[in-house]
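Colleague: Please read through the structure below; I'll follow up with questions.
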Amino acid sequence: RRVAILISGGGSNMVALVQSMVGDHPARAVLVLSNNPQATGLAKAAQMGVPTAAVDHRPFGKDRAAFEAEVQAELEKAQADILCLAGFMRILTPGFIAKWEGRILNIHPSLLPKYKGLHTHARAIEAGDAEHGCSVHEVTAELDDGPILGQARVPVLPGDTPETLAARVLPMEHQLYPEVLRRFAVGDRKPVLLP
Ligand code: GRF
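Just so you know, we're using full-length UniProt numbering here: the sequence shown kicks off at 3 and counts up by one.
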């Protein structure tokens, strides 16, 4: 399988995914694309020998479809057949997602269906949850809502701040996403539950 990874920033999940696709892994990373030309993840991808592209969303203003047409062109050039969103901070239109339905994954830093959207760590602390974590799900037109393919749980500890909790979740993301992708690449959609 040929995997394209979309990022907006540091791309730590992208790094974990690229590093996992070696040896007898059924997939290879064929492109890392960012909506942010300054995303530091682009240099990390290049250092790992993965082709990169940047499609700055800002010149397109509100014209999401025009931005997505550029993204789609890069994906077709790379002949990608699986799309992994990894710290990608743009909302994709139903039209774009329809082209990728069933072949597009995302990682979200909460135990979905709890805390869709932003500021998930602060919201878990605010709610007094004893547990938090991350989820990998198939992307559908509704934000953070598709079938869940994997979850990793961490404890919320007394005195946790959003930063300390995020720091506990992120390493679990780096374990979960590659494991889900490995199975997804061969059609195995049985949810991965960590630890
Ligand atoms: C992480 O919290 C991830 O859950 C979310 O974006 C944040 C940064 O991810 N999707 P990365 O380091 O850019 O992969």
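Idealized CB from N, CA, C, for every residue including glycine.
Quick caveat, the model's predicted, so the values are computed rather than measured.
Would DSSP call Gln-153 helix, strand or coil?
Modeller: In this structure, Gln-153 counts as strand in the three-state DSSP scheme.
Colleague: Across which residues does DSSP place Asn-108 in a beta bridge pair?
Modeller: Leu-87 and His-139, per the DSSP bridge assignment.
Colleague: Could you tell me which of Trp-102, Arg-191, Pro-111 and Ile-84 sits nearest to Pro-164, measuring between CA atoms?
Modeller: Residue Pro-111 is the option with its Cα nearest to Pro-164.
Colleague: With DSSP collapsed to three states, give me the class of Leu-8.
Modeller: Correct three-state label for Leu-8: strand.
Colleague: For Lys-46, is the classification buried or exposed, using 16 other Cβ atoms within 10 angstroms of its Cβ as the cut-off for buried?
Modeller: When all chains shown are included, Lys-46 counts as buried.
Colleague: Going by the beta-carbon positions, is the gap between Asn-38 and Ala-88 smaller than 9 Å?
Modeller: Contact flag unset, no.
Colleague: Looking at the structure shown, is Thr-42 part of a helix, part of a strand, or coil, going by DSSP?
Modeller: Note: Thr-42 maps to helix in three-state DSSP.
Colleague: So is His-121 buried or exposed if we call it buried at 16+ other beta carbons inside 10 Å?
Modeller: By the 10 Å Cβ count, His-121 comes out exposed.
Colleague: Express the C-alpha separation of Leu-19 and Pro-115 in angstroms, rounding to a whole number.
Modeller: Between Pro-115 and Leu-19, the C-alpha separation is close to 24 Å.
Colleague: Verify the contact flag: Glu-165, CB atom, against every heavy atom of ligand 1, threshold strictly below 8 Å.
Modeller: No, Cβ of Glu-165 sits at least 8 Å from all heavy atoms of ligand 1.
Colleague: Tell me the rounded alpha-carbon separation between Ala-31 and Ala-55.
Modeller: Distance between the alpha carbons of Ala-31 and Ala-55 is about 13 Å.
Colleague: Should Val-171 be counted as a contact of ligand 1 given a C-beta to heavy atom distance under 8 Å?
Modeller: For ligand 1, at least one heavy atom lies less than 8 Å from the Cβ of Val-171.
Colleague: Exposed or buried, which one is Gly-161 when buried takes at least 16 other CB atoms within 10 Å?
Modeller: Gly-161 should be labelled exposed.
Colleague: For ligand 1, is there any heavy atom lying closer than 8 Å to the beta carbon of Cys-86?
Modeller: Result no, Cβ not under 8 Å from ligand 1.
Colleague: Taking 9 Å as the threshold (C-beta atoms), are Leu-94 and Leu-33 in contact?
Modeller: It is not a contact, given that the beta carbons lie outside the stated cut-off.
Colleague: What would DSSP say about Arg-60, mapped onto helix, strand or coil?
Modeller: Helix, per DSSP.
Colleague: Which class does Glu-133 belong to by DSSP, given the choice of helix, strand or coil?
Modeller: Three-state result, Glu-133: strand.
Colleague: Whose C-beta lies closer than 7 Å to the C-beta of Met-50 among residues of the same chain, with five residues either side of it excluded?
Modeller: Contacts found: Val-20.
Colleague: Can we count His-134 as close to ligand 1, meaning its CB is less than 8 Å from some heavy atom?
Modeller: Not under cutoff, so the answer is no.
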